[in-house]
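A.B. asks: Residue numbers (the working numbering): 1 to 138. Built from N, CA and C at the ideal position, the CB exists for glycine as well. The following block contains the structure, expressed as structure tokens.
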């Protein structure tokens with residue numbers, strides 16, 4: 001008799017090195033589509049789940065941690081370490097750019113410089129990324 005793990009193991013192995021993200025409601029759908037289709041990220045987009053669309057920020061933070069996903073957002077409120085302690089999360093990426101095209105360019109850079117081969121590159125950390133962002137090791 002097959003177990004849940006034996007059934008899901010091949011799927012888990014296939015996506016083990018891909019970034020696992022929790023995209024909140026303020027990300028443009030086109031950016032989410034780019035992350036899924038072009039970057040091949042494993043993206044849970046709250047707009048795909050009617051029960052999550054209107055959840056509070058604290059609930060999104062808790063769910064991202066529970067599901068072991070990096071929270072990706074445009075919402076600067078997540079930068080508040082008192083309300084969203086980094087050590088209690090799986091990582092938060094707060095993005096800022098003037099339009100969707102710039103967001104797409106930024107997420108492509110982040111994919112190459114931070115997320116490649118790392119499903120949770122920001123575990124217990126936060127990053128505020130913008131068009132002028134440079135990786136720490138640069």
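#1: Assuming the contact rule is C-beta atoms closer than 8 Å, residue 22 and residue 60 should be a hit. Round their C-beta distance to whole Å, please.
#2: Which same chain residues, not among the five before or five after residue 123, have their C-beta less than 7 Å away from its C-beta?
#3: Between which two residues does the alpha helix (DSSP H) carrying residue 82 extend?
#4: Could I get the ranges of all uninterrupted alpha helix (DSSP H) runs contained in the region 44–76, with 4 residues as the minimum, in chain order?
#5: Write down the C-beta distance between residue 111 and residue 39 rounded to the nearest angstrom, noting that I regard them as a contact closer than 8 Å.
#6: Kindly indicate the opening and closing residues of the beta strand (DSSP E) around residue 20.
#7: Which residues mark the beginning and the end of the alpha helix (DSSP H) in which residue 31 is found?
#8: Out of 84, 102, 125, which one is the CA nearest neighbour of residue 34?
C.D. replies: On the basis of the data shown:
#1: 7 Å
#2: 90, 91
#3: It is not in any alpha helix (DSSP H) - residue 82 carries neither H nor E in the DSSP assignment.
#4: 57–66
#5: 5 Å
#6: 20–23
#7: 29–37
#8: 102
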